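Its first residue numbered 1, the sequence shown is counted upward by one per residue in this note's numbering.
For glycine and all other residues, C-beta sits at the position ideal for the given N, C-alpha and C.
Computed from a prediction, not measured in an experiment: that's the story for all the values here.
Take a look at the structure below.
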Amino acid sequence: MKASESINVLLGLGFSWLIASIVLAIKGEDFNIESQYLGIQIALFLIINVICHVLMILRRKLHIFGNAEFGGTDYPRLISSLLLIVLWIFYVLVISLLSFEYLIINIG
1 MKASESINVL LGLGFSWLIA SIVLAIKGED FNIESQYLGI QIALFLIINV
51 ICHVLMILRR KLHIFGNAEF GGTDYPRLIS SLLLIVLWIF YVLVISLLSF
101 EYLIINIG
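Listed below in structure tokens is the structure:
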């Protein structure tokens, strides 16, 4: 994930929440968001983000990857691609299961 993309996502989410809170404040209502699993979602995002960054650093530094973040030799490129796809599917699946309460995690 590029820094500009993550900033766009974070600003996009934050801006919509800001607008919603202003509109509801004008109406005299509270702006409440259920955050039962927000900490777990952020932790999972950060863990996967670190894994992706470590992979990119390894791809840049190791000869087996062709010293390239993108492209490189066939098998390492395919393995890297599959890892990133699996991480993305895993993240979306876990967040969806948490959001729809098919996966329950008791905290504390």
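Worksheet item: Grouping DSSP H, G and I as helix and E and B as strand, with all else coil, what is Ile33?
Response: Within the sequence shown, the letter at position 33 stands for residue 33. Note: Ile33 maps to coil in three-state DSSP.
Worksheet item: When burial is assigned at 16 or more other CB atoms within 10 Å of the CB, is Ser16 buried or exposed?
Response: By 1-based counting over the sequence shown, the position of residue 16 is 16. Per the 10 Å Cβ criterion, exposed.
Worksheet item: When we look at the beta-carbon of Tyr37 and count the other beta-carbons within 10 Å, is it buried (16 or more) or exposed?
Response: Here residue 37 is taken as the residue at index 37 of the sequence shown, counted from 1. Answer is buried; the Cβ neighbour count reaches 16.
Practice prompt. Use the C-beta contact count for Ser80: other C-beta atoms within 10 angstroms, 16 or more gives buried, fewer gives exposed.
Written response: Taking the first residue of the sequence shown as 1, we reach residue 80 at position 80. Buried, because 16 or more other Cβ atoms sit within 10 Å of the Cβ of Ser80.
Discussion item. How far does the alpha helix (DSSP H) with Leu97 in it extend, from its first residue to its last?
Written reply: In the sequence shown, residue 97 corresponds to position 97, counting from 1. Where Leu97 is concerned, the enclosing alpha helix (DSSP H) stretches over Asp74 to Ser99.
Worksheet item: Thinking C-alpha only, which one of Arg59, Leu103 and Ile105 is nearest Ala68?
Response: Residue numbering aside, residue 68 sits at position 68 when the sequence shown is read from its first letter. Residue Arg59 is the option with its Cα nearest to Ala68.
Worksheet item: For Phe100, is the classification buried or exposed, using 16 other Cβ atoms within 10 angstroms of its Cβ as the cut-off for buried?
Response: For the purposes of this step, residue 100 is taken as the residue at position 100 of the sequence shown. Phe100 comes out exposed.
Worksheet item: What's the C-alpha gap between Gly39 and Val94?
Response: To locate residue 39, count along the sequence shown from 1; it is residue 39. To locate residue 94, count along the sequence shown from 1; it is residue 94. Taking the straight line joining both Cα atoms gives about 13 Å.
Discussion item. In whole angstroms, give me the CA-to-CA distance for Ile42 and Tyr102.
Written reply: The residue labelled residue 42 in the question sits at position 42 within the sequence shown. The residue labelled residue 102 in the question sits at position 102 within the sequence shown. The straight-line gap from Cα to Cα measures roughly 19 Å.
Discussion item. So, under 8 Å CB-CB, Leu87 and Ile64 are touching, yes? Tell me the CB distance rounded to an integer number of Å.
Written reply: Residue mapping note: residue 87 aligns to position 87 of the sequence shown, counting from 1. Residue mapping note: residue 64 aligns to position 64 of the sequence shown, counting from 1. No, Leu87 and Ile64 are not in contact; Cβ-Cβ is about 20 Å, not under 8 Å.
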